[in-house]
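Beneath this line is the structure, given in structure tokens, with notes to follow.
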Amino acid sequence: TETPAALTILFGATGDLAKRKLYPSLYRLYRKGHLSSGFAVIGTARREWDNDIFREHVKKSVMESTNIQDQIDEFISHFYYLPHDVSDSNSYAELRTLANELDSKYSLGGNRLFYLAMAPEFFGTIAEHLKLDGLTDTEGFGRLVIEKPFGHDLPSAQELNAQIRRSFDEKDIYRIDHYLGKEMVQNIETIRFANALFEPLWNSRYISNIQITSSETLGVEERGGYYETSGALKDMVQNHMLQMVALLAMEPPISLQDDDIRSEKVRAFRSMRPLTLETVNDYFVRGQYGPGDHVPGYREEINVDPDSNTETYVAGKVMFDNFRWAGVPFYIRTGKRMPLKSTKIVVQFKDIPMNLYYRPDDQEMEPNLLVIHIQPEEGITLHLNAKKSGRQLQTTPVKLSYANNGEDIMNTPEAYEKLIHDAMRGDSTNFTHWDEVALSWSFVDVIAEAWRNEKAAFPNYPAGTKGPKAADELLEKDGFFWWPLN
Ligand code: BG6
Numbered sequence: 004t005e006t007p008a009a010l011t012i013l014f015g016a017t018g019d020l021a022k023r024k025l026y027p028s029l030y031r032l033y034r035k036g037h038l039s040s041g042f043a044v045i046g047t048a049r050r051e052w053d054n055d056i057f058r059e060h061v062k063k064s065v066m067e068s069t070n071i072q073d074q075i076d077e078f079i080s081h082f083y084y085l086p087h088d089v090s091d092s093n094s095y096a097e098l099r100t101l102a103n104e105l106d107s108k109y110s111l112g113g114n115r116l117f118y119l120a121m122a123p124e125f126f127g128t129i130a131e132h133l134k135l136d137g138l139t140d141t142e143g144f145g146r147l148v149i150e151k152p153f154g155h156d157l158p159s160a161q162e163l164n165a166q167i168r169r170s171f172d173e174k175d176i177y178r179i180d181h182y183l184g185k186e187m188v189q190n191i192e193t194i195r196f197a198n199a200l201f202e203p204l205w206n207s208r209y210i211s212n213i214q215i216t217s218s219e220t221l222g223v224e225e226r227g228g229y230y231e232t233s234g235a236l237k238d239m240v241q242n243h244m245l246q247m248v249a250l251l252a253m254e255p256p257i258s259l260q261d262d263d264i265r266s267e268k269v270r271a272f273r274s275m276r277p278l279t280l281e282t283v284n285d286y287f288v289r290g291q292y293g294p295g296d297h298v299p300g301y302r303e304e305i306n307v308d309p310d311s312n313t314e315t316y317v318a319g320k321v322m323f324d325n326f327r328w329a330g331v332p333f334y335i336r337t338g339k340r341m342p343l344k345s346t347k348i349v350v351q352f353k354d355i356p357m358n359l360y361y362r363p364d365d366q367e368m369e370p371n372l373l374v375i376h377i378q379p380e381e382g383i384t385l386h387l388n389a390k391k392s393g394r395q396l397q398t399t400p401v402k403l404s405y406a407n408n409g410e411d412i413m414n415t416p417e418a419y420e421k422l423i424h425d426a427m428r429g430d431s432t433n434f435t436h437w438d439e440v441a442l443s444w445s446f447v448d449v450i451a452e453a454w455r456n457e458k459a460a461f462p463n464y465p466a467g468t469k470g471p472k473a474a475d476e477l478l479e480k481d482g483f484f485w486w487p488l489n
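Counting in UniProt numbering, the sequence shown runs from 4 upward without gaps.
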């Protein structure tokens, strides 16, 4: 579908996310001709900038992300800036006047995308003002695009949701989980549902366990203040990791319509085995990085409590109590300051009933694996066993690989580009519905509570290593091990 003309009103226009992801993504959409039917952007933030300063800022952010610069001046001429106080109706009145002006200037048909890329404590207030002060009162669509975190537990998420629902219908709320914009995360469904080879095997009869790893090399950088209130559980598990789990575990949808996919994801979330305060430690382990080679430990980072109990690493086991998955563990792990930046999914198939090739002096045959590489490489690898060449009947592992030519190896700007484009076109498939958010918070809240009540023996892994020993033990007690990170 064509991208309709629309005005984007961006809250948090001077912020880091806008600079690193949103402006470069808009530019790419512009260059590909997706915004040609008319677009304008109003940036707002507290700072007293004007259009010129803002346009220079946008230009700089684009130029830092790419060396292509054609049409850049024309592109930035669509950007406008208003200093804004999120709790002051006068600010919204000014915003409304400018929005109406741009609406006629660019023939935008009253279509508006309100993009909240700023501190979450203001999400609710802004949503309320947008309606009260008449910004949503137009002929066209009014969509709210909202960044994470969506609350910090179930009650706070419910409160925020109630607040934004006073101004926006669920169908007009686009909650971003940027992992859902990644090419290979979107490919999970295609691999599963477009191949006769996998779907028949995609169950507890043939799969022994699934491992999802998202490792980072960076520490918390300048985000200590936020991260202290979040930790890896709320920063990565509640959203990105559980979303990938749901896509792997869900039943085939009846169609690729957003509603149909969403209802299967919701059903998957509902069949996750809930944890209790007593069982949390059997299923989840946490870690915090200590000092490593030339890098400080988490507790030495800026804005971090020197005695912090915040986890920078989580590994866990998610079980589904349903027909398809009974008894198959979904292991997840994510952490900062690990040896490499990588996100990948390993689907480990069960061993064949009898190994004809077994010899006591030989290595055991490897199980079949389907590896989905999400980043930095994009592709899939299938691990099989074949005959070793020569006369003896010995097996040797072989790999069938398919690599996607990622446009951009870091992939994330591309994810944003897709999601912004989807929001403009009104396709909410790759956004998280309220029910998914609520269910994942109720799963995660118990873990958070158990960990709050008990001080951990942190730090428990040196920066630059693969995480605490307890993460290995988690799999060992089930007779498994983590497949290597690389
Ligand atoms: C964000 C988290 O949602 O995802 C960050 O807040 C994390 O802490 C980031 O670094 C990871 O995203 P990506 O796309 O780099 O894997």
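Using N, Cα and C, we set each Cβ at its ideal position, and we do this for glycine too.
Worksheet item: In terms of residues, what are the limits of the beta strand (DSSP E) holding Arg336?
Response: 333 to 338
Discussion item. Within a Cβ cutoff of 6 Å, which residues of the same chain sit near Thr139, ignoring the five residues on either side of it in sequence?
Written reply: Leu133, Gly145
Worksheet entry | Arg273 versus Asp430: straight-line alpha-carbon distance, rounded | 24 Å
Worksheet item: Is the region 24 to 36 touching the region 419 to 429 in the sense that three or more CB pairs, one from each, lie closer than 8 Å?
Response: yes
Discussion item. Strictly under 8 Å for the Cβ-Cβ distance: is Arg99 near chain C by that measure?
Written reply: Included in the structure is just one protein chain, with no chain C present.
Worksheet item: So what's Pro86 in DSSP terms, helix, strand or just coil?
Response: strand
Item to complete: Rank His181, Tyr292, Pro277 by C-alpha distance to the C-alpha of Asp285 and give the top, closest one.
Response: Pro277
Worksheet entry | Buried/exposed call for Met413, threshold 16 Cβ in 10 Å | Confidence at Met413 is low in this model, with a pLDDT of 48, below 50, so the placement of that residue should be treated as unreliable; the coordinate-derived value is given next. It is exposed - the Cβ of Met413 has fewer than 16 other Cβ atoms within 10 Å.
Fill in: Rounded C-alpha distance that separates Leu119 from Glu162
17 Å
Worksheet item: In chain order, what residues of the same chain have a beta carbon less than 8 Å from the beta carbon of Phe352, not counting five sequence neighbours either side?
Response: Leu204, Tyr209, Ile210, Ser211, Pro370, Asn371, Leu372, Leu373
Worksheet item: In terms of alpha-carbon separation, which member of Glu59, Phe126, Asn70, Asp88 lies closest to Phe82?
Response: Glu59
Worksheet item: What is the residue span of the beta strand (DSSP E) that Arg276 lies within?
Response: That residue, Arg276, is in no beta strand (DSSP E); it is neither H nor E in DSSP.
Practice prompt. Decide if Gln72 is buried, meaning its Cβ has at least 16 other Cβ atoms within 10 Å, or exposed.
Written response: exposed
Worksheet item: Thinking C-beta only, is Ala8 closer than 8 Å to Phe42?
Response: yes
Discussion item. Could you check whether the Cβ of Thr315 sits closer than 7 Å to any heavy atom belonging to ligand 1?
Written reply: no
Worksheet entry | Nearest-angstrom Cα separation, counted from Tyr230 out to Ser90 | 25 Å
Fill in: Backbone secondary structure at His386 - three-state DSSP
strand
Discussion item. Strictly by DSSP, which residues pair up with Leu116?
Written reply: Thr11, Arg146
Discussion item. Output needed for Ile450: all residues of its chain with C-beta closer than 7 Å, excluding positions within five of it in sequence on either side, in chain order.
Written reply: Leu236, Leu278, Val283, Phe287
Practice prompt. Kindly identify the DSSP beta-bridge partner or partners of residue 508.
Written response: With the chain covering 4 to 489 only, the question about residue 508 has no answer from this structure.
Worksheet item: Since Tyr33 sits in a beta bridge, which residues does DSSP pair it with?
Response: None; Tyr33 has no bridge partner.
Practice prompt. Using three-state DSSP, classify Tyr229 as helix, strand or coil.
Written response: helix
Worksheet item: Phe446 to Leu147, Cα distance in whole Å?
Response: 26 Å
Worksheet item: For Asn414, which three-state DSSP category applies?
Response: With a pLDDT of 46 at Asn414, under the threshold of 50, the modelled position of that residue is not reliable, and the figure given next carries that caveat. DSSP places Asn414 in coil when its eight states are reduced to three.
Worksheet item: Between the C-alpha atoms of Glu97 and Pro294, what's the straight-line distance to the nearest angstrom?
Response: 50 Å
Worksheet item: Can you list, in chain order, the stretches of the alpha helix (DSSP H) that have 4 or more residues and sit fully within the region 17 to 79?
Response: 26 to 34, 54 to 68, 75 to 79
Item to complete: Please go through the same chain and pick out, in chain order, the residues whose beta-carbon is closer than 8 Å to the beta-carbon of Arg327, but skip the five residues on each side of it.
Response: Trp205, Asn206, Ser207, Ala252, Glu254
Practice prompt. Give the straight-line distance between the Cα atoms of Pro309 and Asn54, rounded to the nearest whole angstrom.
Written response: 42 Å
Worksheet entry | Residues near Lys62 by beta carbon distance below 7 Å, same chain, minus five either side | Ile75, Ile79
Discussion item. Could you compute how far the alpha carbon of residue 1 sits from the alpha carbon of Val269?
Written reply: Residue 1 lies beyond the range of the chain shown here (4 to 489); nothing can be said about it.
Worksheet entry | Residues bridged to Ile375 (per DSSP) | Ile348, Ile383
Worksheet entry | Residue span of the beta strand (DSSP E) that contains Leu488, given as start and end | From DSSP, Leu488 is part of no beta strand (DSSP E); its letter is neither H nor E.
Worksheet entry | In chain order, each beta strand (DSSP E) run of at least 3 residues that lies wholly inside the region 276 to 323 | 287 to 290, 316 to 321
Worksheet item: At a cut-off of 7 Å, is Asp430 close to ligand 1 when judged by its beta-carbon and the heavy atoms of the ligand?
Response: no
Item to complete: With Tyr360 as the anchor, note down where its alpha helix (DSSP H) starts and where it stops.
Response: Per DSSP, Tyr360 belongs to no alpha helix (DSSP H) and is neither H nor E.
Practice prompt. Check whether the Cβ of Gln378 sits closer than 7 Å to any heavy atom of ligand 1, and report yes or no.
Written response: yes
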